[in-house]
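S.K.: Numbering-wise, the sequence shown is residues 9 to 102 according to our numbering.
Have a look at the structure that comes next, please.
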Amino acid sequence: MKNFREDVVLEALDKALQANPSFCRCQKCRQDVILLALSKIKGRYASSPVGEIFARVEQSDRQVRTDALLAVMQALEQVAVNPRHDGPLKLTKK
Ligand SMILES: [Zn+2]
């Protein structure tokens, strides 16, 4: 139940990072974006039965992926404005 959402979010994160090449690539920022995006998606689907979401994702529902990408983009902006990584990490580009 946790993993299927993360798969969709990770996929969206890859796309979002490609669109934002200057975004910090450190593990901390990635993790923050993922967690933020997951909580946004969770809120969005709070009223839907979990089984329904599962079914939609299994069908590669475009709306689910669009929602995930949107949530990731918003999360990316939030983290970019207020990164929580420790100092020098920000300068490490990988
Ligand atoms: Zn970072």
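Even glycine gets a Cβ: it sits at the ideal position worked out from N, Cα and C.
Please read all numbers here as calculations on a predicted model, not as lab measurements.
Examine ligand 1 and report whether any of its heavy atoms sits within less than 7 Å of the Cβ of Pro57.
M.R.: For this step, residue 57 is matched to residue 49 along the sequence shown. Because no heavy atom of ligand 1 lies under 7 Å away, the Cβ of Pro57 does not count as near it: no.
S.K.: For Val17 versus Ala76, is the C-beta spacing smaller than 8 Å?
M.R.: The residue you call residue 17 lines up with position 9 of the sequence shown. The residue you call residue 76 lines up with position 68 of the sequence shown. Yes, the pair counts as a contact, with Cβ atoms nearer than the cut-off.
S.K.: Can you tell me where the alpha helix (DSSP H) with Asp75 in it begins and where it stops?
M.R.: Reading the sequence shown from its first residue, position 67 is the one you call residue 75. Run containing Asp75: Arg70 to Val89, per the alpha helix (DSSP H) assignment.
S.K.: For Lys50, tell me which candidate among Arg92, Arg13, Asp94 and His93 has the shortest Cα-Cα distance.
M.R.: Counting from 1 along the sequence shown, the entry for residue 50 is found at position 42. When each option's Cα is compared against that of Lys50, the closest is Arg13.
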